[in-house]
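Trainee: So the sequences go chain by chain: A and B. The opening position of the first sequence corresponds to residue 352 in our numbering, with each subsequent residue numbered one higher. The opening position of the second sequence corresponds to residue 352 in our numbering, with each subsequent residue numbered one higher.
Number of protein chains: 2
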Amino acid sequence: MEQETIRVLVVEDHHVVRQGLVALLNVVDGIEVVSQAADGVEAIAEFRKHLPHITLIDLRLPRLGGVDVIQRVRMETPGARFIVLTTYDGDEDIYRALQAGARAYLLKGMTTDELIATIRAVHAGKQHIPPAIAQKLAERMGTEELTPRENDVLEQIVHGKSNKEIAAELDISEATVKTHINSLLGKLGVTDRTQAATAAIQRGIVPLESLRKPKP
Amino acid sequence: MEQETIRVLVVEDHHVVRQGLVALLNVVDGIEVVSQAADGVEAIAEFRKHLPHITLIDLRLPRLGGVDVIQRVRMETPGARFIVLTTYDGDEDIYRALQAGARAYLLKGMTTDELIATIRAVHAGKQHIPPAIAQKLAERMGTEELTPRENDVLEQIVHGKSNKEIAAELDISEATVKTHINSLLGKLGVTDRTQAATAAIQRGIVPLESLRKPKP
DNA sequence: GCGAGGCTCCATCAAAAGGTGGAGACAGAG
DNA sequence: CTCTGTCTCCACCTTTTGATGGAGCCTCGC
Numbered sequence: 352m353e354q355e356t357i358r359v360l361v362v363e364d365h366h367v368v369r370q371g372l373v374a375l376l377n378v379v380d381g382i383e384v385v386s387q388a389a390d391g392v393e394a395i396a397e398f399r400k401h402l403p404h405i406t407l408i409d410l411r412l413p414r415l416g417g418v419d420v421i422q423r424v425r426m427e428t429p430g431a432r433f434i435v436l437t438t439y440d441g442d443e444d445i446y447r448a449l450q451a452g453a454r455a456y457l458l459k460g461m462t463t464d465e466l467i468a469t470i471r472a473v474h475a476g477k478q479h480i481p482p483a484i485a486q487k488l489a490e491r492m493g494t495e496e497l498t499p500r501e502n503d504v505l506e507q508i509v510h511g512k513s514n515k516e517i518a519a520e521l522d523i524s525e526a527t528v529k530t531h532i533n534s535l536l537g538k539l540g541v542t543d544r545t546q547a548a549t550a551a552i553q554r555g556i557v558p559l560e561s562l563r564k565p566k567p
Numbered sequence: 352m353e354q355e356t357i358r359v360l361v362v363e364d365h366h367v368v369r370q371g372l373v374a375l376l377n378v379v380d381g382i383e384v385v386s387q388a389a390d391g392v393e394a395i396a397e398f399r400k401h402l403p404h405i406t407l408i409d410l411r412l413p414r415l416g417g418v419d420v421i422q423r424v425r426m427e428t429p430g431a432r433f434i435v436l437t438t439y440d441g442d443e444d445i446y447r448a449l450q451a452g453a454r455a456y457l458l459k460g461m462t463t464d465e466l467i468a469t470i471r472a473v474h475a476g477k478q479h480i481p482p483a484i485a486q487k488l489a490e491r492m493g494t495e496e497l498t499p500r501e502n503d504v505l506e507q508i509v510h511g512k513s514n515k516e517i518a519a520e521l522d523i524s525e526a527t528v529k530t531h532i533n534s535l536l537g538k539l540g541v542t543d544r545t546q547a548a549t550a551a552i553q554r555g556i557v558p559l560e561s562l563r564k565p566k567p
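#1: Express the C-alpha separation of B:V367 and A:G371 in angstroms, rounding to a whole number.
#2: Assuming A:Q370 is part of the alpha helix (DSSP H), what are its boundary residues?
#3: I'd like the ranges of any alpha helix (DSSP H) spanning at least 4 consecutive residues and lying wholly in the stretch 474-514 of chain B.
#4: What are the residues in the stretch 508-531 of chain A lying within 9 angstroms of chain B by C-beta distance?
#5: Ignoring anything shorter than 3 residues, give me the beta strand (DSSP E) runs that lie fully in the stretch 401-460 of chain A, in order along the chain.
#6: Rounded to whole angstroms, what is the Cα-Cα separation between B:D444 and B:G555?
#7: Given that a residue counts as buried once 16 or more other Cβ atoms are within 10 Å of its Cβ, and exposed if not, what is A:P482?
#8: What number of angstroms, rounded off, separates the C-alpha of B:R447 from the C-alpha of B:L505?
#9: Distance cutoff 8 angstroms, beta carbons only. Does B:P565 sit that close to anything in chain A?
#10: Would you kindly work out how many angstroms separate the C-alpha atoms of B:Y383 and B:L466, rounded to a whole number?
#11: Using the Cβ count rule (16 or more neighbours within 10 Å means buried), how would you classify A:Q450?
#12: Can you find a C-beta in chain B that's less than 8 angstroms from the C-beta of A:V435?
#13: Is B:R358 helix, strand or coil when you go by DSSP?
#14: Hey, how far is the Cα of A:V378 from the Cα of A:V473?
#15: Along chain A, which residues have their Cβ under 7 angstroms away from the Cβ of B:T463?
#16: Assess contact between the stretch 505-520 of chain A and the stretch 404-424 of chain A, defined as three or more Cβ pairs (one per stretch) separated by less than 8 angstroms. Is contact present?
#17: Beta carbons nearer than 9 angstroms to chain A: which residues of the stretch 446-470 of chain B have them?
#18: With respect to the beta strand (DSSP E) encompassing A:V385, which residues constitute its N-terminal and C-terminal limits?
#19: Could you list which residues in chain B have their beta carbon closer than 7 angstroms to that of A:V541, in chain order?
#20: Within the same chain, show all residues whose beta-carbon is closer than 8 angstroms to that of B:N349, passing over the 5 residues directly before and after it, in chain order.
#21: Determine the burial state of A:G507: buried for a count of at least 16 other Cβ atoms within 10 Å of its Cβ, exposed for fewer.
#22: Have a look at B:E516 and B:I552 and give me their C-alpha separation to the nearest angstrom.
#23: Identify each residue in the stretch 396-420 of chain B for which the Cβ-Cβ distance to at least one residue of chain A is less than 7 angstroms, and report them in chain order.
#24: Taking beta-carbon pairs under 7 angstroms, can you tell me which members of the stretch 375-393 of chain A lie near chain B?
#25: Check whether the stretch 429-442 of chain B and the stretch 534-549 of chain A touch, using three or more Cβ-Cβ pairs below 8 angstroms as the test.
#26: Can you check which of these residues, A:R425, A:L402, A:L360 and A:R369, is closest to A:K459 by C-alpha distance?
#27: So what does DSSP say about B:R554, is it helix, strand or coil?
#28: By Cβ distance below 6 angstroms, which residues in the same chain neighbour B:A455 in space, the five residues on each side in sequence not counted?
#29: Just verifying my parser: in three-state terms, what is the DSSP assignment at B:I470?
#30: Can a CB atom of chain A be found closer than 8 angstroms to the CB of B:Q546?
#31: Between the C-alpha atoms of B:G417 and B:G391, what's the straight-line distance to the nearest angstrom?
#32: Just how far apart, CA to CA, sit A:P567 and B:L559?
#33: If I follow the unbroken alpha helix (DSSP H) through A:L535, where does it start and stop?
#34: What in chain B is Cβ-close to A:T494, meaning under 8 angstroms?
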C-alpha cells in the first residue's frame, strides 16, 4: 500500500545545520522538506503557507523563541505536530516545549536514523521522549513552582543585584526581598543566592543571554 | 592553472551537523572531506591518518576537548591549520583556541559561502576572525589573568561553596580564601561572589557542565 | 642577590545575607 | 463564605561576606 509523503518544515537558525538537515531528509523516501525558516517569525509564516505534517524546530531562535512558535501555531492549528530538535538548554525549556504541545524532543547528537524514525512515529500519532529527557522531566516534576514574584527576585539575583538593589528595582522593601529569597531558596533546594543563581542558569529559568550587560 | 584540492577533516560530535557539513562541502569544487571524527580522540587519530590541509573542529567534544586536540596536533604537526566552528561558548574558549593555534573562528550561524571562503582563505595561509569574535577578544585582553589559586577558589564559588567550605576543600584558612576572593573580584570587575559566579559561567572560565552535581 | 608576584595567614570592622516567626491584604477556588 | 496561597511588611538575631592593611615565605627571572 502507498504511504503518504510526510511534509516537513525545518526551523533552525544555523545555516549549516539547517542545510544539513534538509539535505539529509530530502534523500529519504516518504519525507519531503516543503520549507525552511531561520527564525520564529518566519516559522509561523511558513507554517501557515505550507501546513506541514511535521515541524522540526530548534528552541533557540532569533526574534521569536521556539516555545512561542509552538504555542501560537497550535492555537490556530491544534493538530500541528512539532518535534523539538535542540542542544540541551536546561530543564525549563524541555518542560515548556512539551507543555506547549511538542510531541517529541530530540538532542542534536542523535543519529539520522533516530531522527527519521521519530519523524515517522510522530506522524503516525505517537510521542517520543528519549530516556535522558524523560529523566530531566521527572526531576523537574518533583520541584515546586516559583511564584511570579520569586522569579522576579531570582532574575535580579542572577544579574548580581544586592537585596537593596532588588528592593529598589521591584519597588518593595528589603524585608520583602528577603522573604522571597528565603522562599525560593527552599524551593530550589539551595542554601544561598550564589547557588540559586547557578541553579537558575543551569535549569534555564533565567537565560544566559540576559547576562550580557543589558540594563539601560 | 590547476588548483590543488583542499583536503578537509570534519570534527563534530553532533551527527546531523557533521553529516550536513560533509554533504555541503563535498559538492564544492576544490574541497574534499577526507575524513570525519565525532570526538577528540578520534580527531587526533584521523588527523594522523589523513594529514588534511584543513581541520574543521568544534570545541565541545566528548572525551577530549577541541582546544586540547589543536594543541596536541600542532605539537607534532606545527603546520596544521584549524578552523574552529562552534556556537558561542564564552570568551575563554575563543582565547584558548586561538592561543592553541587556530587560524579561524566561525560561528555556526555563518552561511555556506562564508564557510567555503574561510576554508580557502585559511588554506591560502590567511587568518580569519569575524568582527564579533575580535571584539570579544579585545575585551578579554584588557582583563587581568587569574592566578591558579584564584581559579580554584572561583570554581568553588561557582559550585556554591561557602568560604568555610572552600577553605576545607583547598586546605587553606578561611582568611586566605577571603584574600583570594578579594583579589579575583577585582580582576573580574565585580563586587560579590554571585556576580563572580555568573561572570565565570558566561565567560566560560568554569564550564557549565561541571555544575550537574558531581562531588562524590 | 634582589625584586616581583604568588600563596599563605592574621586581625578587625562594617555591611550584607540568611533564619525565624508573625501579620495584614487580597484574590481565586472550593 | 472560608480556605489557601501570594505578596507585602516588620523585628530580631546570627552568620557570612567583603574591605583593609599588614606580614612572612617561596620561586622565578633578571
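The beta-carbon is built from N, C-alpha and C at its ideal position, and this holds for glycine as well.
Mentor: Let me spell this out:
#1: The sequence position of residue 371 of chain A within the first sequence is 20, counting from 1. The sequence position of residue 367 of chain B within the second sequence is 16, counting from 1. The straight-line gap from Cα to Cα measures roughly 7 angstroms.
#2: Translated into the one-based positions of the first sequence, residue 370 of chain A becomes position 19. Membership of A:Q370 in the alpha helix (DSSP H) is indicated by the continuous run H366 to N377.
#3: Restricted to the stretch 474-514 of chain B, the alpha helix (DSSP H) segments that are unbroken, complete and at least 4 residues in length are 482-492 and 499-509, listed in chain order.
#4: If the cut-off is 9 angstroms between Cβ atoms, the stretch 508-531 of chain A has I508, V509, H510, G511, K512 and S513 near chain B.
#5: Within the stretch 401-460 of chain A, the complete beta strand (DSSP E) runs of at least 3 residues are 405-408, 432-437 and 455-458.
#6: For the purposes of this step, residue 444 of chain B is taken as the residue at position 93 of the second sequence. For the purposes of this step, residue 555 of chain B is taken as the residue at position 204 of the second sequence. Distance between the alpha carbons of B:D444 and B:G555: 7 angstroms.
#7: What you label residue 482 of chain A is simply residue 131 of the first sequence in a count that begins at 1. The residue is exposed, with fewer than 16 neighbouring Cβ atoms inside 10 Å.
#8: Numbered from 1 along the second sequence, position 96 holds the residue referred to as residue 447 of chain B. Numbered from 1 along the second sequence, position 154 holds the residue referred to as residue 505 of chain B. Between the alpha carbons of B:R447 and B:L505 lies a gap of roughly 19 angstroms.
#9: The residue labelled residue 565 of chain B in the question sits at position 214 within the second sequence. Note that B:P565 scores a pLDDT of 44, beneath 50, so its modelled location is shaky and nothing firm can be said.
#10: As a position in the second sequence, residue 383 of chain B is number 32, starting the count at 1. As a position in the second sequence, residue 466 of chain B is number 115, starting the count at 1. With the sequence shown as reference, residue 383 of chain B is identified as Glu, and Tyr is not the correct amino acid for it. Take the alpha-carbon of B:E383 and the one of B:L466: they are about 14 angstroms apart.
#11: Position 99 of the first sequence, counted from the first residue, corresponds to residue 450 of chain A. Taking a 10 Å sphere around the C-beta of A:Q450, we find fewer than 16 other C-beta atoms and assign the residue as exposed.
#12: Within the first sequence, residue 435 of chain A is the residue found at index 84, counting from 1. Judged by the 8 angstroms Cβ criterion, A:V435 is not in contact with chain B.
#13: If you number the second sequence from 1, residue 358 of chain B lands on position 7. Judged by DSSP in its simplified three-state form, B:R358 adopts strand.
#14: Taking the first residue of the first sequence as 1, we reach residue 378 of chain A at position 27. Taking the first residue of the first sequence as 1, we reach residue 473 of chain A at position 122. Distance between the alpha carbons of A:V378 and A:V473 is about 19 angstroms.
#15: The residue labelled residue 463 of chain B in the question sits at position 112 within the second sequence. Ordered by position in chain A, the residues that pass the 7 angstroms Cβ test against B:T463 are H366, V367 and Q370.
#16: Note that the stretch 505-520 of chain A does not touch the stretch 404-424 of chain A; fewer than 3 beta-carbon pairs, one per stretch, sit closer than 8 angstroms.
#17: Within the stretch 446-470 of chain B, the residues whose Cβ lies closer than 9 angstroms to some Cβ of chain A are L458, K459, G460, M461, T462, T463, E465 and L466, listed in chain order.
#18: As a position in the first sequence, residue 385 of chain A is number 34, starting the count at 1. If you look at A:V385, you'll find it in the beta strand (DSSP E) that goes I382 to A388.
#19: In the first sequence, residue 541 of chain A corresponds to position 190, counting from 1. Residues of chain B passing the Cβ test: G511.
#20: Past the edges of chain B, shown from 352 to 567, lies residue 349 of chain B, and the structure says nothing about it.
#21: Numbered from 1 along the first sequence, position 156 holds the residue referred to as residue 507 of chain A. Note that residue 507 of chain A is Gln in the sequence shown, not Gly. So A:Q507 ends up on the buried side.
#22: One-based indexing of the second sequence puts residue 516 of chain B at position 165. One-based indexing of the second sequence puts residue 552 of chain B at position 201. Looking at the two C-alpha atoms, the distance is approximately 20 angstroms.
#23: Taking 7 angstroms as the Cβ-Cβ cut-off against chain A, none of the residues of the stretch 396-420 of chain B qualify.
#24: Residues of the stretch 375-393 of chain A that bring their beta carbon within less than 7 angstroms of a beta carbon in chain B comprise L375, in sequence order.
#25: The stretch 429-442 of chain B vs the stretch 534-549 of chain A: no contact.
#26: Residue numbering aside, residue 459 of chain A sits at position 108 when the first sequence is read from its first letter. Of the candidates A:R425, A:L402, A:L360 and A:R369, A:R369 places its Cα closest to the Cα of A:K459.
#27: Taking the first residue of the second sequence as position 1, residue 554 of chain B is located at position 203. Coil, per DSSP.
#28: The residue you call residue 455 of chain B lines up with position 104 of the second sequence. Listed in chain order, the non-local C-beta contacts of B:A455 below 6 angstroms within the same chain comprise I434, T469, V473 and H479, local neighbours out to five positions each way being set aside.
#29: Along the second sequence, one-based indexing puts residue 470 of chain B at 119. Correct three-state label for B:I470: helix.
#30: As a first step, residue 546 of chain B must be located in the second sequence, where it is residue number 195. For B:Q546, the nearest beta carbon of chain A is closer than 8 angstroms to its own beta carbon.
#31: Numbered from its first residue, the second sequence carries residue 417 of chain B at position 66. Numbered from its first residue, the second sequence carries residue 391 of chain B at position 40. The straight-line gap from Cα to Cα measures roughly 6 angstroms.
#32: The sequence position of residue 567 of chain A within the first sequence is 216, counting from 1. The sequence position of residue 559 of chain B within the second sequence is 208, counting from 1. In this prediction, A:P567 scores a pLDDT of 35, lower than 50, which makes its location untrustworthy; the coordinate-derived value is nonetheless stated afterwards. The straight-line gap from Cα to Cα measures roughly 28 angstroms.
#33: As a first step, residue 535 of chain A must be located in the first sequence, where it is residue number 184. A:L535 -> alpha helix (DSSP H) spans E525 to L539.
#34: By 1-based counting over the first sequence, the position of residue 494 of chain A is 143. Per Cβ cutoff of 8 angstroms: no residues; A:T494 is ~14 angstroms from chain B at best.
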